[in-house]
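In what follows, a single structure is set out as structure tokens and then discussed.
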Amino acid sequence: MLNVTKLNAFYGKAQILFDLQLQVQKGEVVALMGRNGAGKSTTLKSIMGLIEDRSGAVQFLERDIARLQSHEIARLGLGYIPEDRRIFTELTVLENLEIGRKTNAASSNPWTIERLFKLFPNLAQMPNRLGGSMSGGEQQMLTVARTLMGNPQCVLMDEPSEGVAPFIVEQMAGSILTMKAEGISVLLCEQNIHFAQQVADRVYVLEKGQIAYSATMQELVRNQVLRRQYLGI
1 MLNVTKLNAF YGKAQILFDL QLQVQKGEVV ALMGRNGAGK STTLKSIMGL IEDRSGAVQF
61 LERDIARLQS HEIARLGLGY IPEDRRIFTE LTVLENLEIG RKTNAASSNP WTIERLFKLF
121 PNLAQMPNRL GGSMSGGEQQ MLTVARTLMG NPQCVLMDEP SEGVAPFIVE QMAGSILTMK
181 AEGISVLLCE QNIHFAQQVA DRVYVLEKGQ IAYSATMQEL VRNQVLRRQY LGI
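The sequence shown begins at 1 in my numbering and counts up by one.
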């Protein structure tokens with residue numbers, strides 16, 4: 001589904017990623033973990049074409065997307081859920097969802113507003129609420145729902161559990177497991193190992209912009225020495 005090879009990324013003269021390599025298979029949830037500043041968010045932004053100064057190969061569905069613009073990448077079926085949500089605060093929940101609709105998506109079971117309201121019952125209770133009047137957790141749910149309206153085949157998620165109430169964290173986990181059941185692949189940046197353990201099949205651990213460790217999620221959970229070494233937990 002997604003294959004990244006020798007990915008390098010820079011902010012000005014500072015190099016953030018160093019020959020990073022990772023793969024995500026169809027219907028697989030892969031966690032990208034590491035301490036603050038390790039390069040997790042930069043990895044997602046680079047894959048999505050949001051970092052201009054980058055090099056390396058990024059293949060999505062066996063197509064090279066490394067030189068495409070972010071909107072072109074999105075049209076191919078790669079969704080992106082940023083950490084800062086970026087909803088349209090002056091639009092309602094329904095209007096935000098309609099903006100995310102992708103009418104030409106090749107999906108046998110396309111996402112609809114009705115399906116998304118079942119996935120996120122909180123949103124169903126506020127269809128006409130303005131985005132700017134929603135809580136941070138509600139905005140996070142809306143961001144996920146809006147991305148799914150585009151019927152992506154793979155989703156990049158940046159810290160979905162950060163700073164939201166526990167019941168919303170559970171809904172986030174449920175949404176990721178639903179995506180997996182639908183055959184959607186997920187590359188998940190996450191620092192909460194308990195959250196990642198609920199949803200992820202495999203894990204890559206970043207340290208100073210490089211892959212320091214990769215294994216199944218359960219192997220990392222069981223290995224206390226490696227958790228302390230790379231994650232400080």
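Here a beta-carbon is modelled for each residue, glycine too, at the ideal position from N, C-alpha and C.
Residues in the same chain with beta-carbon distance under 6 Å from residue i, minus the five sequence neighbours each way, listed in chain order, please.
i: Ser8; result: According to the sequence as given, residue 8 is Asn; it is not Ser. These residues qualify, in order along the chain: Leu17, Ser55, Gly56.
i: Ile65; result: Val58, Ile73
i: Cys154; result: Met1, Leu2, Leu78, Ser185
i: Ser214; result: Tyr204
Below 7 Å CB to CB, which residues in the same chain sit around residue i once its five sequence neighbours on both sides are set aside?
i: Gly183; result: Lys26, Gly27
i: Arg85; result: Gln139, Gln140, Thr143
i: Gly100; result: Arg146, Thr147, Met149, Gly150
i: Lys208; result: Ala38
i: Ala212; result: Val205, Leu206, Tyr230
Tell me whether the beta-carbon of residue i lies closer than 8 Å to the beta-carbon of residue j.
i: Leu123; j: Met141; result: yes
i: Val24; j: Leu2; result: yes
i: Ile168; j: Gly137; result: yes
i: Val29; j: Tyr204; result: no
i: Trp111; j: Met149; result: yes
i: Glu114; j: Glu159; result: no
i: Leu206; j: Ala196; result: no
i: Gly132; j: Thr89; result: yes
i: Val4; j: Gln21; result: yes
i: Ala127; j: Val164; result: Just to set this straight, residue 127 is Pro in the shown sequence, not Ala. Not in contact: Pro127 and Val164 (Cβ atoms no closer than 8 Å).
i: Leu76; j: Arg63; result: yes
i: Leu91; j: Leu116; result: no
Can you find the residues in the same chain that come closer than 8 Å, C-beta to C-beta, to residue i, ignoring five residues on each side of it along the sequence?
i: Ile193; result: Met33, Leu220, Val221, Arg227, Leu231, Ile233
i: Thr178; result: Leu119
i: Gln69; result: Gly49
i: Glu162; result: Glu83, Gln191, Asn192
i: Asp19; result: Lys6, Leu7, Asn8, Gly56, Gln210
i: Lys180; result: Gly27, Glu28, Val29, Val186, Val199
Applying the 10 Å Cβ sphere with the 16-neighbour rule, what's the burial state of residue i?
i: Tyr80; result: buried
i: Val199; result: buried
i: Thr43; result: buried
i: Arg244; result: With the chain covering 1 to 233 only, the question about residue 244 has no answer from this structure.
i: Ser175; result: buried
i: Ser41; result: buried
i: Ser46; result: buried
i: Pro166; result: exposed
i: Gly12; result: exposed
i: Pro152; result: buried
Can you check DSSP and say which residues form a bridge with residue i?
i: Ser133; result: Beta-bridge pairing links Ser133 to no other residue.
i: Ser185; result: Cys154
i: Gly100; result: In the DSSP output, where bridge partners are listed per residue, Gly100 has none listed.
i: Ala9; result: Leu17, Arg54
i: Asp64; result: Gln59
i: Ala124; result: In DSSP, Ala124 forms no bridge with anything.
i: Ala215; result: Val203
i: Asn3; result: Gln23, Gln59
i: Ile81; result: Met157
i: Thr92; result: Leu130
List, from N- to C-terminal side, the beta strand (DSSP E) runs of 3 residues or more that fit wholly inside the stretch 15-62. Counting only runs of 3 or more, we get 29-33, 54-60.
As an exercise, report each continuous alpha helix (DSSP H) stretch of at least 4 residues that is fully enclosed by the stretch 188-212, in chain order. The stretch 188-212 contains these whole alpha helix (DSSP H) runs: 193-199.
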